[in-house]
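Below: the structure, in structure tokens.
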Amino acid sequence: MPRGRMKHLQLVAARIYHLLTKEAAYGPNLQHLDDFRAAQKLERSID
57 MPRGRMKHLQ LVAARIYHLL TKEAAYGPNL QHLDDFRAAQ KLERSID
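Numbering (my numbering), first residue to last: 57 to 103.
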């Protein structure tokens with residue numbers, strides 16, 4: 057059964073957030089904070 061558009065967007069946002077977490081583990085900086093906030097805002101807007 058195919059997934060709906062909203063479920064697909066949630067999965068994409070989760071993947072982005074996960075990649076940002078992995079990248080920040082190697083070298084955290086202020087740019088990562090902005091990226092995290094943008095990913096969280098996107099995730100909240102989808103829900």
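Where is the CB? At the ideal position from N, CA and C, for every residue including glycine.
- Relative to Lys-78, the option among Arg-59, Leu-65, Lys-97 and Phe-92 whose CA is nearest is Phe-92.
- Distances from the CA of Ser-101 to each of Arg-59, Ala-69 and Gly-60 were compared; the closest alpha carbon is that of Ala-69.
- When the Cα atoms are used, Leu-75 and His-64 turn out to be separated by approximately 17 Å.
- When DSSP states are grouped into helix, strand and coil, Arg-100 belongs to the helix group.
- Arg-71: member of the alpha helix (DSSP H) spanning 61 to 82, first to last residue.
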